[in-house]
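For reference, the structure is listed below as structure tokens.
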Amino acid sequence: MTENEDSKSCEFVQLFLMSQRRIYGYVMTLVPNVSDADDIVQETASVMWTKFGEYEPGTDFT
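Counting with the working numbering, you get residues -9 to 52 for the letters of the sequence shown.
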């Protein structure tokens, strides 16, 4: 992993962790089953990571 890739990984993790409660709370309003919500949040994180290259710093992450 290059230094730039490592920096992007750290940036994503930091942004996701700051947004995780908000994302989880929203998912729980749609799917009251905790296990299902966990799966959806995990899949959401995966999609967000895949599309992170499209993220423009300074805009709303979520």
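By construction, the Cβ of each residue, glycine as well, lies at the ideal position given by its N, Cα and C atoms.
{"Query": "Residue from S36, Y16 and V37 whose Cα sits closest to the Cα of A27", "Result": "Y16"}
{"Query": "R12 and T52 closer than 8 Å at C-beta", "Result": "yes"}
{"Query": "Contact check, Y14 vs V31, beta carbons under 8 Å", "Result": "yes"}
{"Query": "N-terminal and C-terminal residue of the alpha helix (DSSP H) that Y14 is part of", "Result": "E(-7) to L20"}
{"Query": "Start and end residues, alpha helix (DSSP H) containing E33", "Result": "V24 to T40"}
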